[in-house]
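2 protein chains.
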Amino acid sequence: MALSAALLAAAGDLTQRIHDGVSARGFTDLRPAHGFAFARLAPGGATVTDLAAHLGVTKQAASQLVDEIVRKGYAERRPHPEDARARLIVLTERGWTCTRAAEEAAAEVVGEWAGRLGEGEMRALRERLVRIAPHGPIRPVW
Amino acid sequence: MALSAALLAAAGDLTQRIHDGVSARGFTDLRPAHGFAFARLAPGGATVTDLAAHLGVTKQAASQLVDEIVRKGYAERRPHPEDARARLIVLTERGWTCTRAAEEAAAEVVGEWAGRLGEGEMRALRERLVRIAPHGPIRPVW
DNA sequence: TCATAAGGTCAAGCAGCTTGACTATATGGT
DNA sequence: ACCATATAGTCAAGCTGCTTGACCTTATGA
Chain B
1256 MALSAALLAA
1266 AGDLTQRIHD
1276 GVSARGFTDL
1286 RPAHGFAFAR
1296 LAPGGATVTD
1306 LAAHLGVTKQ
1316 AASQLVDEIV
1326 RKGYAERRPH
1336 PEDARARLIV
1346 LTERGWTCTR
1356 AAEEAAAEVV
1366 GEWAGRLGEG
1376 EMRALRERLV
1386 RIAPHGPIRP
1396 VW
Chain X
1256 MALSAALLAA
1266 AGDLTQRIHD
1276 GVSARGFTDL
1286 RPAHGFAFAR
1296 LAPGGATVTD
1306 LAAHLGVTKQ
1316 AASQLVDEIV
1326 RKGYAERRPH
1336 PEDARARLIV
1346 LTERGWTCTR
1356 AAEEAAAEVV
1366 GEWAGRLGEG
1376 EMRALRERLV
1386 RIAPHGPIRP
1396 VW
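As you go down the protein sequences, you meet chains B and X in turn.
Each residue of the first sequence is one higher than the one before, starting from 1256 at the first, in the working numbering.
Each residue of the second sequence is one higher than the one before, starting from 1256 at the first, in the working numbering.
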């Protein structure tokens, strides 16, 4: 199996299993794309335009996604403290709970891998992946 | 940066850059999903149902995808040699040329990573990824 | 031989994305 | 101070790729 194929297979598997884990914890109204949005919102909120750039979609699409997570109670729109044109999208308590659930689910998968590879191998794997990973916007695998 | 985030970022980057490389080689009418289909068709062809299971979509969706790549000249439907209900989808010469272009593009990206990590590190990375990669159907990252 | 399963396609509907148009606010040169 | 231009965001319409449901054909097995 080629490196590229193994990388794509592992990433797809990870996404699917995080999603399954989040669903199993009761958050059944979200898709994997929402998780990437939550990750961007978590530190201190973000604007719709920030989110759009991070997700690699138009700001209209990002705005629709925000509509959805606001409607479902995971985030809220606040006036932006420094720019009256903009709004700051921040996670609600429910949004934070869901984010923690996703982190738990990811840790479960990574933990299973660590059981197969061992801690030292996992550290080496992480270090190499970080060195080849880009810093720009997140991209879907296909 | 967490292992899971690095893995997803690297995989998304790889997909995007393979797609860009394939486009740059003249195949501008394909999307990343087609590459995963080609990979399944390449060895010796596959049925629509096989393809659907591999891509994780319904057989109707797989059939539509086959319609498209047949219409664009990358594959053709042949009668299945052992089952009169089924059809064997096989790559045309154009399909093979495109597959080689994708392999070249992937090799370019992997080569760039090798330049950063070194050959020994890359072998270790590949070996570890293979050990955590699943064998089931391919899954999109989101 | 006939009930049931499996491969494939046709048709309709829908979700998520795009482009285009628009309003409101910010920014910077004159 | 003013105005041209850029930026943040939303509304509306349309498209594409996927889904579900119905159906035909061929295979399988009791």
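Think of the CB as a built atom: it goes at the ideal place given N, C-alpha and C, for glycine as much as any other residue.
Subject >> Backbone CA spacing between residue 1372 of chain B and residue 1387 of chain X [nearest angstrom] >> reply: 8 angstroms
**OP:** For residue 1390 of chain X, count neighbouring C-beta atoms within 10 Å of its own C-beta (all shown protein chains included) and say buried if the count is 16 or more, exposed if not.
**Re:** exposed
Original post:
Which same chain residues, not among the five before or five after residue 1297 of chain X, have their C-beta less than 7 angstroms away from its C-beta?
Top reply: 1346 and 1354
**OP:** Determine, using beta-carbon pairs with one atom in the stretch 1317-1327 of chain X and one in the stretch 1283-1296 of chain X, whether at least three such pairs fall under 8 angstroms.
**Re:** yes
Original post:
Per DSSP, which one or two residues make a beta bridge with residue 1387 of chain X?
Top reply: Answer is none; residue 1387 of chain X lacks a bridge partner.
**OP:** Tell me where the alpha helix (DSSP H) around residue 1334 of chain X begins and ends.
**Re:** Premise fails: residue 1334 of chain X lies in the beta strand (DSSP E), 1330-1334, not in any alpha helix (DSSP H).
Original post:
Can we say the stretch 1290-1307 of chain X touches the stretch 1331-1344 of chain X, given the rule of at least three CB pairs closer than 8 angstroms?
Top reply: yes
Original post:
To the nearest angstrom, how far is it from the Cα of residue 1351 of chain X to the Cα of residue 1339 of chain B?
Top reply: 55 angstroms
**OP:** Would you decide whether residue 1383 of chain B is buried or exposed? Buried here means 16 or more other CB atoms lie within 10 Å of its CB.
**Re:** Buried, by the Cβ-count rule.
Original post:
If you measure beta-carbon to beta-carbon, which residues of the stretch 1357-1375 of chain B are closer than 8 angstroms to chain X?
Top reply: 1361, 1364, 1365, 1368, 1371 and 1372
Original post:
DSSP on residue 1343 of chain X, reduced to helix/strand/coil?
Top reply: strand
Subject >> Bridge partners - residue 1301 of chain X, DSSP secondary structure assignment >> reply: X/1344
Original post:
Among the residues of its own chain, which have a CB less than 6 angstroms from the CB of residue 1272 of chain X, if the five just before and after it don't count?
Top reply: 1364
Original post:
Helix, strand or coil: which one does DSSP assign to residue 1364 of chain B?
Top reply: helix
Original post:
Of all the residues that make up the stretch 1275-1299 of chain X, which are near chain B by a beta-carbon distance shorter than 7 angstroms?
Top reply: 1287, 1288 and 1291
Original post:
Is residue 1282 of chain B helix, strand or coil when you go by DSSP?
Top reply: coil
Original post:
Would residue 1264 of chain X count as contacting chain B if we go by Cβ distances under 8 angstroms?
Top reply: It does: the Cβ of residue 1264 of chain X has a partner Cβ on chain B nearer than 8 angstroms.
**OP:** Report yes if the C-beta distance between residue 1256 of chain X and residue 1385 of chain B is below 8 angstroms; otherwise report no.
**Re:** Result yes, Cβ atoms of residue 1256 of chain X and residue 1385 of chain B sit closer than 8 angstroms.
Original post:
Taking 8 angstroms as the CB-CB limit, is residue 1305 of chain B close to chain X?
Top reply: no
**OP:** Taking only beta-carbon positions, decide if residue 1385 of chain B is within less than 8 angstroms of chain X.
**Re:** yes
Subject >> Cβ-based contacts, 8 angstroms cut-off: residues of the stretch 1309-1335 of chain X near chain B >> reply: Those would be none; no residue qualifies.
Original post:
Cα separation between residue 1357 of chain B and residue 1381 of chain B?
Top reply: 19 angstroms
**OP:** Starting from the beta carbon of residue 1381 of chain B, find every residue of chain X whose beta carbon is closer than 7 angstroms, and list them in chain order.
**Re:** 1258 and 1261
Subject >> Test: residue 1388 of chain X CB closer than 8 angstroms to a CB of chain B >> reply: Yes, residue 1388 of chain X lies at the interface with chain B (some Cβ there is under 8 angstroms from its Cβ).
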